[in-house]
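Structure first, commentary second.
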Amino acid sequence: MCKYLYFLILVGVILSCSDDTTDTTETYLPTPLALEVPTVFSERILPPILPVNNPLTVEGVALGEKLFFDASLSGDGTVSCASCHISSSAFTDNDQFSTGINGNRGTRNSMPLFNLAWNYGERFFWDGAASSLEDQAFEPVTNPDEMGNTWPNVVTTLEQDPEYPELFRMAFGEDEIDSVRVVQAIAQFERTLISANSRFDQFLLGTLELTPQEENGRNVFLMETKGDCFHCHGNPNNPLWTDNIFHNNGLDATFTDLGLGRITGDPADNGKFKTPSLRNLAFTAPYMHDGRFQTLDEVIDHYSEGLQDSPTIDPLMKSVAQGGVQLSEQDKADLKAFLLSLSDEDFVGNN
Amino acid sequence: MKKWSKLLWVFTLLFFISCSEDENDENEVTLLNVTLNFSHNWDGEEVTNADFNTLKYTNANGEQMSIELLRYLISNITFKPLEAERIAIDGYNLVDVTNNSGLSMTINDDISAGTYEIAFTFGFDNEDNSDGAYLDLNSASWNVPMMLGGGYHYMQLEGKYLATDATEVGYQYHAIRAVDITGDEPRFQDTFFEVNLGTITITEDTTITVDMNIAEWFKNPNQWDLNVLGQQLMPNFNAQVMMFENGQNVFQLAN
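Respectively, the protein sequence lines represent chains H and S. Our numbering applies: residue 1 is where the first sequence begins, and numbers increase by one. Our numbering applies: residue 352 is where the second sequence begins, and numbers increase by one.
This is the structure we're talking about:
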């Protein structure tokens with residue numbers, strides 16, 4: 001009897017040792033991370049889109065941040081995501097077209113990155129080519145004008161790195177590295193880039209008064225008979241300051257870049273580009289999908305006097321035959337003051 | 352004797368229980384699912400988003416026109432049984448023809464078999480039209496600026512028309528609560544309206560199709576001239592009242 005008892009104890013010890021070994025070397029349960037939703041959003045708009053197949057975790061976000069800033073993802077080790085998405089510029093750069101590997105340049109202006117989890121339609125890029133944030137992160141790595149790498153090469157590089165296998169194990173429970181996990185981690189990090197502390201946000205929260213010029217600028221923004229910016233760019237009840245959909249805003253009479261039309265194949269979508277958020281304009285020049293406008297004054301002049309007619313111009317573009325809404329110089333200055341009140345110094349690390 | 356007495360009690364109890372169950376069966380009400388579908392036509396010709404973006408319609412004023420965007424809000428759906436209290440369905444529905452969303456809504460387990468007068472409100476009544484109150488509508492940028500009274504749009508109909516000089520010009524037929532802001536104080540006039548779809552007998556799970564004749568917005572009683580009333584209509588008090596008047600015959604039950 002005693003012999004069987006010893007045998008059972010021995011088996012029990014072996015099994016418990018075996019379990020311990022498995023726990024410490026193969027699996028890891030990442031720590032769930034709750035996205036902190038700013039009050040100015042939670043009181044006004046729907047919750048962020050957080051995919052169930054890529055939940056935020058502390059370890060996943062940390063890995064994504066490391067990957068975002070790591071130039072080894074590019075073909076020659078010189079370009080990272082952060083090369084064109086610089087934190088002090090609200091995660092864009094200030095070039096008309098960003099410089100990728102070998103000095104190659106793209107054809108579109110780098111988009112700023114913030115509040116991406118509130119893109120309810122989940123169409124990313126200027127032309128909506130990506131249908132999720134994860135999908136978006138796939139493209140630049142292999143684009144010859146951006147990071148110019150191959151995914152197998154990226155995976156090999158990361159596998160041979162002394163830190164990444166362990167970081168992937170902590171983020172995803174196992175140390176296997178593949179492209180899906182790379183973009184999942186980057187997307188997790190990008191979802192944590194939240195901008196919601198501009199002067200206007202503070203006004204909405206009741207902690208700050210707007211200047212008279214900013215107030216008049218807000219009225220120019222909201223009046224259909226003046227700027228009528230709000231139909232595409234949100235309003236105080238939708239403080240994303242974008243509708244996240246696609247419009248032809250009268251930049252060109254003919255198109256060299258079809259925008260959304262290139263993706264859908266529908267001629268009615270030619271010349272349509274995603275409405276950018278008006279947050280952080282102080283840091284994100286130049287403007288438009290092709291970075292054609294160096295200053296906010298040029299942007300306002302465009303809507304006031306510079307509209308170009310075309311078959312797909314948005315019906316919201318008014319007085320096209322006259323070139324636009326014909327704002328007075330005072331209204332232009334006030335509108336600019338209001339637009340700058342949407343910039344968030346905290347987000348770019350100025351405070 | 353005692354034994355018979357006990358048996359009698361048991362039978363009596365069973366009798367009452369069975370009667371009680373029968374009564375429940377008789378009073379049990381089966382609740383049905385009613386689906387409201389929203390369809391659209393131009394004087395009888397079906398309109399979907401596949402018809403958008405081309406100048407294929409001619410309005411009552413003779414302008415060729417296209418539709419590029421159509422979305423509208425309905426609320427306060429009610430089912431009024433004969434000689435009984437009106438059943439109000441909570442919530443609202445944003446019909447977005449452009450994106451094929453909100454074209455169908457199902458009312459689950461609120462309606463029993465019977466004959467009802469069915470109605471809804473186009474837009475929001477003043478009590479419901481509370482500024483910023485609905486997160487989904489805010490997220491859809493459906494708001495009306497506070498300087499125009501706040502609250503929400505009732506409809507956004509946009510597209511282009513062929514102007515008198517033969518150029519294509521954009522129009523924005525946006526319906527809101529009428530407001531005149533030219534004086535010291537804003538002056539409002541209600542422009543939401545009840546749409547009575549008539550009487551329907553419901554005996555099983557049912558689908559009801561509500562049809563909007565888009566051409567009616569430009570026709571009756573006000574023949575709409577887009578050359579005059581094509582843009583900046585939100586702060587145009589008279590235009591909003593005219594939209595209200597033209598909207599009265601826009602909706603009907605589909606055959």
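The beta carbon of each residue, even a glycine, is placed where N, CA and C say it ideally should be. All of these numbers come straight from a predicted model, not from anything done at the bench.
Pick helix, strand or coil for residue i, following the three-state DSSP scheme.
i: T242 (chain H); result: coil
i: L73 (chain H); result: helix
i: G442 (chain S); result: strand
i: L382 (chain S); result: strand
i: D334 (chain H); result: helix
i: E596 (chain S); result: helix
i: W118 (chain H); result: helix
i: Q96 (chain H); result: coil
i: F138 (chain H); result: helix
i: D562 (chain S); result: strand
i: A185 (chain H); result: helix
i: L513 (chain S); result: strand
i: N589 (chain S); result: helix
i: A196 (chain H); result: coil
i: H504 (chain S); result: coil
i: P212 (chain H); result: helix
i: T78 (chain H); result: coil
i: N427 (chain S); result: strand
Does the beta-carbon of residue i have 16 or more other beta-carbons within 10 angstroms, so that it is buried, or is it exposed?
i: G75 (chain H); result: buried
i: V348 (chain H); result: buried
i: C137 (chain H); result: It should be pointed out that residue 137 (chain H) corresponds to Ala in this sequence rather than to Cys. By the 10 Å Cβ count, A137 (chain H) comes out buried.
i: T275 (chain H); result: buried
i: N375 (chain S); result: For N375 (chain S), the pLDDT reaches just 48, beneath the cut-off of 50, and the residue's location in the model is therefore unreliable, although a value from the coordinates is still provided. Exposed, since its Cβ has fewer than 16 Cβ neighbours within 10 Å.
i: S304 (chain H); result: buried
i: R105 (chain H); result: exposed
i: D535 (chain S); result: exposed
i: Q322 (chain H); result: exposed
i: D243 (chain H); result: buried
i: S277 (chain H); result: buried
i: A464 (chain S); result: exposed
i: K3 (chain H); result: With a pLDDT of 47 at K3 (chain H), under the threshold of 50, the predicted position of this residue should be treated as unreliable, though the coordinate-derived value follows. With fewer than 16 Cβ atoms within 10 Å of its Cβ, K3 (chain H) is classed as exposed.
i: E414 (chain S); result: buried
i: Q574 (chain S); result: exposed
i: D441 (chain S); result: exposed
i: R44 (chain H); result: buried
i: D297 (chain H); result: exposed
i: T57 (chain H); result: buried
i: D331 (chain H); result: buried
At a cut-off of 7 angstroms, is residue i close to the ligand FMN when judged by its beta-carbon and the heavy atoms of the ligand?
i: H525 (chain S); result: Absent from the structure shown: the ligand FMN. Ligands present: none.
Give the DSSP bridge partners of residue i, in chain order.
i: D298 (chain S); result: Missing from the structure shown is residue 298 (chain S); chain S here goes from 352 to 606 and no further.
i: Y467 (chain S); result: S:P432, S:I551
i: W393 (chain S); result: S:E396
i: V546 (chain S); result: S:F471
i: T457 (chain S); result: S:T386
i: G259 (chain H); result: H:K272
i: L604 (chain S); result: S:V561
i: G521 (chain S); result: S:K511
i: D266 (chain H); result: Answer by DSSP bridge pairing: none, since D266 (chain H) is not bridged.
i: D531 (chain S); result: S:R538
i: F293 (chain H); result: H:Y287
If the cut is a Cβ gap below 9 angstroms, which residues of chain S does residue i touch?
i: K272 (chain H); result: Result: empty, since nearest Cβ-Cβ is about 11 angstroms, beyond 9 angstroms.
i: I45 (chain H); result: L486, D487, N489, S490
i: P268 (chain H); result: This sequence places Ala at residue 268 (chain H); Pro is not what is there. What A268 (chain H) touches in chain S: F403, N404, T405, E419.
i: D243 (chain H); result: A491, S492
i: N249 (chain H); result: Chain S residues near N249 (chain H): none, gap ~12 angstroms exceeds 9 angstroms.
i: K318 (chain H); result: G521, Q523, Q582, Q583
Determine the chain H residues that contact residue i at a beta-carbon separation under 7 angstroms, and present them in chain order.
i: Y522 (chain S); result: P315
i: G483 (chain S); result: R44, N237
Which bits of chain S does residue i rub up against, with CB to CB less than 7 angstroms?
i: F230 (chain H); result: P496
i: E224 (chain H); result: Q583, M585, P586
Using a Cβ cut-off of 8 angstroms, pull out every chain S residue sitting near residue i, in sequence order please.
i: A321 (chain H); result: T518, V520
i: G306 (chain H); result: The contacting residues do not exist; G306 (chain H) stays about 16 angstroms from chain S at best.
i: N219 (chain H); result: M498
i: K332 (chain H); result: Those do not exist, as K332 (chain H) stays about 19 angstroms from chain S at its closest Cβ, beyond 8 angstroms.
i: G234 (chain H); result: S492
**Request:** Closer than 8 angstroms, Cβ to Cβ, to anything on chain H: give me those residues from the segment 550 to 583 of chain S, in chain order.
**Result:** Q582, Q583
**Request:** Identify each residue in the segment 502 to 515 of chain S for which the Cβ-Cβ distance to at least one residue of chain H is less than 7 angstroms, and report them in chain order.
**Result:** E509, G510, K511
**Message:** To be precise: take each residue of the segment 378 to 389 of chain S, compare its Cβ to all Cβ atoms of chain H, and keep it if any distance is under 8 angstroms. Which residues remain?
**Reply:** none
**Request:** May I ask you to list, following chain order, the residues of the segment 115 to 128 of chain H that have a beta carbon less than 7 angstroms from some beta carbon of chain S?
**Result:** Y120
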